[in-house]
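J.: Okay, handing you the structure first.
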Amino acid sequence: MSIESLLRQQGVSFVDITAALSLPRDTELDRGEGLLRGYRIITQRSTRVSLTITRTNMRLWFDPPLLVSMDRFFVDDSYINSVTYVFAGNSHSRGYLSVNVRPKDTWGADSSVEVRQKVTSAAARILRHTRIVRPGYNPITDNDIGTLADEIERALGGSATPCGRRVDPQRNWTGLAGSIAVTTNAPISKSSGPVGIEIPSGAQIQLGVELMGTAADVRCQSVRMAGATISGSQVFLVKDGRREIILNELAVARGLSVSVSRYRPAPGSSLESAEATEAALRFLGLLLVVGSSGGGGLEAQAALARPGSAEVLEPEIVRGLTRGMLDSALTDAVRDLYNQNRPALQQAIPSVDWGEFFGV
1 MSIESLLRQQ GVSFVDITAA LSLPRDTELD RGEGLLRGYR IITQRSTRVS
51 LTITRTNMRL WFDPPLLVSM DRFFVDDSYI NSVTYVFAGN SHSRGYLSVN
101 VRPKDTWGAD SSVEVRQKVT SAAARILRHT RIVRPGYNPI TDNDIGTLAD
151 EIERALGGSA TPCGRRVDPQ RNWTGLAGSI AVTTNAPISK SSGPVGIEIP
201 SGAQIQLGVE LMGTAADVRC QSVRMAGATI SGSQVFLVKD GRREIILNEL
251 AVARGLSVSV SRYRPAPGSS LESAEATEAA LRFLGLLLVV GSSGGGGLEA
301 QAALARPGSA EVLEPEIVRG LTRGMLDSAL TDAVRDLYNQ NRPALQQAIP
351 SVDWGEFFGV
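Read in order, the letters of the sequence shown are residues 1 to 360 in the numbering used here.
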């Protein structure tokens, strides 16, 4: 099953997907003589490598940029910022590569043109042996997306590190994470009694996932979810038919336990005016407590700055609904969603134990 089909079952449309990992400082990705007559492509410091895929292109980018260190005297180094491939839209068009390279801008001769040619040629050779260059190809509609990584690895001319064996430190990448952004195709509404969640049509939602493991663990399908966040600006908590709270971010722990990490009153809600009034009253009450204990001036300011004073000022989330009750209801909803969709997930990528992945 393709990513698009899986998302369509949930009533949402694909926007983009990103996978990322971290490379240690001084990791050497390539070296050679050839055209550049002595060069090394290395990381300057700990580097975030991200691959973002949309319906029209895929972009590999580096933060900070990769350094192309030149061994030739009087030839300046260069930086590789990103490599982008635009998919062939149909059978009458061809995809194309774009490499973003900039010179180091010191005293030597500019090597960026040679570097761009070298990277473009190398990337083209790799892609030529994969389905990515086929006319009309789109990874989002690929029904066998799980095997694409194997195809790319074969195109690189290497073989995967066998599971259970020692991993080369150069390949022991960490900081694995991923994210996917979607938009809703129609309004989504879930409720239990007077309280519910409402998301209007066209709202954009982003799911970010932090993973436990290394790149080798991904290859051996033993990586696990460490935690996740669900964020958006149009996820509403509804009470008695009225939008009261915008749930800006939900934190999802291993085991699919959910907690509200960021929220604010919805425009025009009863809480929007009540929040300011209640916070002001609590602030005044705190000042009176500090004053009655003989403190004042700087001592009162110090008391307000102490850990815990923020909780004193924070208004309740919704009358009659504690934060713990809301977290519990959201946890039940997310676990139900997982149970309903586990067969589809298993069909999409059958080699992954999704229960083990999520810790449920």
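Idealized CB from N, CA, C, for every residue including glycine. The structure displayed is predicted, hence computed values, not measured ones.
Residue 423 by DSSP, collapsed to three states: which one?
T.: Because the chain in this structure spans residues 1 to 360, residue 423 falls outside the shown range and cannot be described.
J.: Just mark residue 263 as buried or exposed, buried being the case when its beta carbon has 16 or more other beta carbons within 10 Å.
T.: The residue is buried, with at least 16 neighbouring Cβ atoms inside 10 Å.
J.: As a quick exercise: from 232, 214, 231 and 233, pick the residue whose alpha carbon is nearest that of residue 224.
T.: Ranking 232, 214, 231 and 233 by Cα distance to residue 224 puts 214 first.
J.: As a quick exercise: from 97, 21, 44 and 150, pick the residue whose alpha carbon is nearest that of residue 28.
T.: Residue 44 is the option with its Cα nearest to residue 28.
J.: For residue 18, which of helix, strand or coil comes out of DSSP?
T.: Here residue 18 sits in strand by DSSP.
J.: Is it the case that the Cβ atoms of residue 148 and residue 131 are separated by a distance below 9 Å?
T.: Going by C-beta atoms, residue 148 is nearer than 9 Å to residue 131.
J.: Here's the rule: buried if 16 or more other CB atoms are within 10 angstroms of the residue's CB, otherwise exposed. What is residue 187?
T.: Counting Cβ neighbours within 10 Å, residue 187 comes out exposed, since fewer than 16 surround it.
J.: Excluding sequence positions up to five away, which residues of its chain have a Cβ less than 6 Å from the Cβ of residue 196?
T.: Around residue 196: 190 and 238.
J.: In angstroms, rounded to a whole number, what distance separates the CA positions of residue 58 and residue 18?
T.: Spanning the two alpha carbons is a distance of roughly 9 Å.
J.: In whole angstroms, what is the alpha-carbon distance linking residue 206 and residue 324?
T.: C-alpha separation (whole angstroms): 24 Å.
J.: Drop a sphere of 10 angstroms on the beta-carbon of residue 258, count the other beta-carbons inside from all chains shown, and report buried for 16 or more, exposed for fewer.
T.: Result: buried.
J.: At 3 residues or longer, what runs of the beta strand (DSSP E) sit wholly inside the stretch 70-148?
T.: DSSP runs (the beta strand (DSSP E)) wholly in the stretch 70-148: 78-86 and 96-103.
J.: Please classify residue 57: does DSSP put it in a helix, a strand, or coil?
T.: Of the three classes helix, strand and coil, the one that applies to residue 57 here is strand, per DSSP.
J.: Grab me the residues of residue 100's own chain with a C-beta within less than 6 Å of its C-beta, minus the 5 sequence neighbours each way, in chain order.
T.: Counting only Cβ-Cβ distances below 6 Å, and skipping sequence neighbours, we find 81 and 82.
J.: What does DSSP give as the partner residues of residue 206 in its beta bridges?
T.: Residue 206 pairs with 181 and 231.
J.: At the level of alpha carbons, what is the spacing between residue 329 and residue 12?
T.: Roughly 22 Å between the two C-alpha positions.
J.: Can you name the start and end residues of the beta strand (DSSP E) that residue 25 belongs to?
T.: No beta strand (DSSP E) contains residue 25, which DSSP labels as neither H nor E.
J.: Could you check what DSSP says for residue 353 in three-state terms: helix, strand or coil?
T.: In the structure shown, residue 353 sits in coil (DSSP, three-state: anything other than H, G, I, E or B).
J.: State the beta-bridge partners of residue 251 as determined by DSSP.
T.: Beta-bridge pairing links residue 251 to 229 and 259.
J.: Exposed or buried, which one is residue 280 when buried takes at least 16 other CB atoms within 10 Å?
T.: Bear in mind that a pLDDT of 47 at residue 280, under 50, signals an unreliable position, so the number given afterwards is only what the model happens to contain. So residue 280 counts as exposed.
J.: Can you tell me which of the three DSSP states residue 31 falls into?
T.: In the structure shown, residue 31 sits in a strand (DSSP, three-state: E or B).
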